[in-house]
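Asker: First, the structure itself, so that you have it in front of you.
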Amino acid sequence: AQSVAQPEDQVNVAEGNPLTVKCTYSVSGNPYLFWYVQYPNRGLQFLLKYITGDNLVKGSYGFEAEFNKSQTSFHLKKPSALVSDSALYFCAVRDVITSGSARQLTFGSGTQLTVLP
Amino acid sequence: SAVISQKPSRDICQRGTSLTIQCQVDSQVTMMFWYRQQPGQSLTLIATANQGSEATYESGFVIDKFPISRPNLTFSTLTVSNMSPEDSSIYLCSVTQFGITYEQYFGPGTRLTVT
Chain W
59 AQSVAQPEDQ VNVAEGNPLT VKCTYSVSGN PYLFWYVQYP NRGLQFLLKY
109 ITGDNLVKGS YGFEAEFNKS QTSFHLKKPS ALVSDSALYF CAVRDVITSG
159 SARQLTFGSG TQLTVLP
Chain B
257 SAVISQKPSR DICQRGTSLT IQCQVDSQVT MMFWYRQQPG QSLTLIATAN
307 QGSEATYESG FVIDKFPISR PNLTFSTLTV SNMSPEDSSI YLCSVTQFGI
357 TYEQYFGPGT RLTVT
C-alpha cells in the first residue's frame, strides 16, 4: 500500500524567511512524488514533481523540493516566503510498481501555510 | 497543461435531490477522475471515468449514489444522487494527458452545499 504523511497541519513563517513544508511517504515500488497548492475557493494547482534524476526539483513560483530516498521524504521549500504564498499545500505520491503499472494518486492531509507580513 | 472547466462552480441543493456536475477539458486526455474534498479534509478519489464503459469506483463509493459518464475524451459528468448534508463537499475533476507520464491536473472544483 502507498501512503503519504504531512506531519504539520499548520506552518507559520515571516515574510522573507525561508519556508519548509514537510512530507514523508511509503511505497512498495518507486515513488512518483508531487506537490500541489490550493488557494481559497480554488482547485488544486500543480507545483512540481519528482519522477527520477536530480534529487532537487524546481517548480512554479520559486518553490523547490528535495527527494531523500533514505529518509523517504519530499519536503517543499522556498528560500524567501511571500505573503501571497499563504495557501493549503498537498503532497501526493504515486507508487510505480513496474513500467506502465502504477497505483492511483494518494494525497497527504494538507498543510496550511501562513506567511505573516 | 490541460485547461479544465467545471459547471456549476457552486450550488446549494435540498436534501433528496440530485445534482450533475460537468467537466470539460480543452484537449484530449488519457484518464479522467472525480475526487471529493470534504470540509477541512484532503482529497479522496471517488472513481475513474472510463470512456464508453462503466466507471471504476473506489471502496466506499457506488454507482447508484455517484453515477458517472464519459462519452468522449474531453468530457465527463458526475451526478450526486439523493443528496444529504453529508454530501456537502468540493467535487473536483482531474485528468492525465497523453504523453505526460502520471502528471495529473485538477479543475477548479464544484462547491456543493446540501441543506
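Protein chains in written order, with this note's numbering: chain W, 59 to 175; chain B, 257 to 371. Using N, Cα and C, we set each Cβ at its ideal position, and we do this for glycine too.
Return no unless some Cβ of chain W is closer than 8 Å to the Cβ of Glu359 (chain B).
Answerer: Locating residue 359 (chain B) in the second sequence gives position 103, counting from the first residue. Output row for Glu359 (chain B): interface = yes.
Asker: Given a threshold of 16 other Cβ atoms within 10 Å of its Cβ, counted over all protein chains shown, does Lys136 (chain W) qualify as buried or as exposed?
Answerer: Translated into the one-based positions of the first sequence, residue 136 (chain W) becomes position 78. Answer is buried; the Cβ neighbour count reaches 16.
Asker: So if I threshold CB-CB distances at 8 Å, which residues from the stretch 84-118 of chain W count as touching chain B?
Answerer: Under the 8 Å Cβ criterion, the stretch 84-118 of chain W contributes Tyr90, Phe92, Tyr94, Asn99, Arg100, Gly101, Leu102, Gln103, Phe104, Lys107, Ile109.
Asker: Report yes or no: is there a C-beta of chain W within less than 8 Å of the C-beta of Pro295 (chain B)?
Answerer: Taking the second sequence and counting its residues from 1, the one referred to as residue 295 (chain B) is at position 39. It does not; no Cβ of chain W falls within 8 Å.
Asker: Determine the burial state of Gln360 (chain B): buried for a count of at least 16 other Cβ atoms within 10 Å of its Cβ, exposed for fewer.
Answerer: By one-based count along the second sequence, residue 360 (chain B) stands at place 104. It counts as buried.
Asker: Count the other CB atoms within 10 Å of the CB of Ser332 (chain B); is the residue buried (16 or more) or exposed (fewer)?
Answerer: Within the second sequence, numbered from 1, the residue matching residue 332 (chain B) stands at position 76. By the 10 Å Cβ count, Ser332 (chain B) comes out buried.
Asker: Report buried or exposed for Tyr119 (chain W), applying the criterion of at least 16 other Cβ atoms within 10 angstroms of its Cβ.
Answerer: Looking up residue 119 (chain W) in the first sequence gives position 61. With fewer than 16 other Cβ atoms within 10 Å, it is exposed.
Asker: Just verifying my parser: in three-state terms, what is the DSSP assignment at Glu124 (chain W)?
Answerer: Your numbering for residue 124 (chain W) matches position 66 in the first sequence. Note: Glu124 (chain W) maps to strand in three-state DSSP.
Asker: Taking just the CA atoms, how far does Val95 (chain W) sit from Ser144 (chain W)?
Answerer: Counting from 1 along the first sequence, the entry for residue 144 (chain W) is found at position 86. Counting from 1 along the first sequence, the entry for residue 95 (chain W) is found at position 37. Computed Cα separation, rounded: 10 Å.
Asker: What does DSSP give as the partner residue(s) for Gln293 (chain B) in the beta ladder?
Answerer: Sequence index remark: in the second sequence, residue 293 (chain B) carries index 37 (1-based). Answer is B:Leu299, B:Ile346.
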